[in-house]
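Step one of this worksheet: look at the structure below.
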Amino acid sequence: MTELLTTTEADIKKAAHLLRTGQTVAFGTETVYGLGADATNDDAVSHIYIAKGRPSFNPLISHFPDREQAFKHVIASTLAYKLAEKFWPGPLTLILPRHPQSPISALATAHLPSTAIRVPQGEALHKLLSYAQTPIVAPSANLSGCISPTSADHVWQDLNGKIAAILDTGPCHIGIESTIVDLTSEHPTLLRPGGIALEELQDICPIMQPDTPAPTAAPRAPGQLSSHYAPHLEVRLNATHVYPHEALLAFGTPLRGTDTTINVSPTANLKEAAQNLFTALHFLDIEGKKRKLKTIAVMPFPHHGLGVAINDRLSRAAAPRPKNRQL
Ligand code: TXA
Ligand code: MG
Numbered sequence: 160m161t162e163l164l165t166t167t168e169a170d171i172k173k174a175a176h177l178l179r180t181g182q183t184v185a186f187g188t189e190t191v192y193g194l195g196a197d198a199t200n201d202d203a204v205s206h207i208y209i210a211k212g213r214p215s216f217n218p219l220i221s222h223f224p225d226r227e228q229a230f231k232h233v234i235a236s237t238l239a240y241k242l243a244e245k246f247w248p249g250p251l252t253l254i255l256p257r258h259p260q261s262p263i264s265a266l267a268t269a270h271l272p273s274t275a276i277r278v279p280q281g282e283a284l285h286k287l288l289s290y291a292q293t294p295i296v297a298p299s300a301n302l303s304g305c306i307s308p309t310s311a312d313h314v315w316q317d318l319n320g321k322i323a324a325i326l327d328t329g330p331c332h333i334g335i336e337s338t339i340v341d342l343t344s345e346h347p348t349l350l351r352p353g354g355i356a357l358e359e360l361q362d363i364c365p366i367m368q369p370d371t372p373a374p375t376a377a378p379r380a381p382g383q384l385s386s387h388y389a390p391h392l393e394v395r396l397n398a399t400h401v402y403p404h405e406a407l408l409a410f411g412t413p414l415r416g417t418d419t420t421i422n423v424s425p426t427a428n429l430k431e432a433a434q435n436l437f438t439a440l441h442f443l444d445i446e447g448k449k450r451k452l453k454t455i456a457v458m459p460f461p462h463h464g465l466g467v468a469i470n471d472r473l474s475r476a477a478a479p480r481p482k483n484r485q486l
């Protein structure tokens, strides 16, 4: 049975104790809920892969209470310091060469020569990471390939019984995962669009470019498999009308034609839309199934600012699913 914890001092200490003793604990970050474990403990890290059903070639992000702790585990460049200064604590993950003395488990980094580090926002989380006194790896706390969780309830639906505890820190205010930047070469590259837009990164680093992998190449952030974030219902993008038996994920002025609608931002505000995106997909999936609908129709989103990350998540939610996935 998975224990539900709150943000009282006693519960945060309990969560930290569970982490220190090799258990898995989910907690809210500003982006999505993460499933945490001690990054230096092979057994604890392997529990994460098992609970999520995650392929072991997909490395994990290590989380820290502050920059000083984070940079002990990598070889940090001047640009890394600049980005950390501007965006941490916050939704930015930096990939840097691993420090030879770092005790982070090779299982956590999928034996790569690099390590992903992040200092997330949130008072309770800051306490948890400080009390844990060890780097905490945390992928999103959902079953691999499914919709990311933005509330303790979403985590419960996917992982109840598979993890030791969930620290309920309330809903996530950014709502989509961190932006991932690769700083391991002289070409700083955006590997995953997320809570910080490319335009904001380019203010600090004008040469930052999105990753443009060859269509056949293995993804450089191995988690960026094409089908991901997938609800049980089919997803139809760029809808300009709604068919009968469709649910609708609306943005701005909603299309007519269905009662099963969530508008992620009636004022067409991308920040609000990102915050509500996964919650809306979770809700429409459950309601749609109850009402025997087949498809979630999704209205178009502009492709700038946070719209790039929103379109990334939606196109993966709509991608053909692997044949062995039980839907
Ligand atoms: O907002 C977030 O980043 C959330 C919260 C919980 O912090 N975490 C998250 O973790 O989204 P996850 O595991 O769902 O996604 C991490 C991504 C994966 O695509 C993984 O392949 C990539 O980061 N990654 C991790 N380490 C890497 C490395 N050394 N090199 C390249 N990609 C890496
Ligand atoms: Mg994930």
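Our numbering puts the last residue of the sequence shown at 486; the count rises by one with no breaks.
We treat Cβ as the ideally placed atom computed from N, Cα and C, and that holds for glycine.
- In the DSSP assignment, residue 186 falls within the beta strand (DSSP E) that extends over 184 to 187.
- Of all alpha-carbon atoms in 231, 292, 215 and 275, the one lying nearest the alpha-carbon of residue 251 is that of 275.
- Distances from the CB of residue 304 to the heavy atoms of the ligand TXA are all 8 Å or more.
- Measuring C-alpha to C-alpha distances from residue 255 to each of 238, 266, 246 and 245 identifies 238 as the nearest.
- Taking the Cβ atoms as the reference, residue 433 lies roughly 5 Å from residue 335, within the contact range of under 8 Å.
- Residue environment for residue 169: exposed (fewer than 16 other C-beta atoms within 10 angstroms of its C-beta).
- Residue ranges of uninterrupted beta strand (DSSP E) with 3 or more members, entirely inside the region 176 to 257 and ordered along the chain, are 184 to 187, 192 to 197, 220 to 222 and 251 to 256.
- Here residue 456 is buried. Its C-beta has 16 or more other C-beta atoms within 10 Å.
- Distance from the CA atom of residue 258 to the CA atom of residue 419, rounded to whole angstroms, is 51 Å.
- Placement of the Cβ of residue 441 at a distance of 8 Å or more from every heavy atom of the ligand MG is found.
- Going by DSSP, residue 275 is part of the beta strand (DSSP E) stretching over 273 to 277.
- Residue 350 sits in a strand when the DSSP states are folded into three classes.
- Relative to the ligand MG, residue 289 has its C-beta separated by 8 Å or more from all heavy atoms.
- Where residue 423 is concerned, there is no enclosing beta strand (DSSP E), because DSSP gives it neither an H nor an E.
- Beta-bridge pairing by DSSP links residue 310 to no other residue.
- Where residue 357 is concerned, the enclosing alpha helix (DSSP H) starts and stops at 357 to 363.
- At least one heavy atom of the ligand MG lies closer than 8 Å to the C-beta of residue 336.
- For the options 431, 322, 223 and 477, the alpha carbon positioned closest to that of residue 397 is the one of 477.
- When C-beta atoms of the region 221 to 231 are compared with those of the region 274 to 294, three or more pairs fall below 8 Å, so the two segments count as touching.
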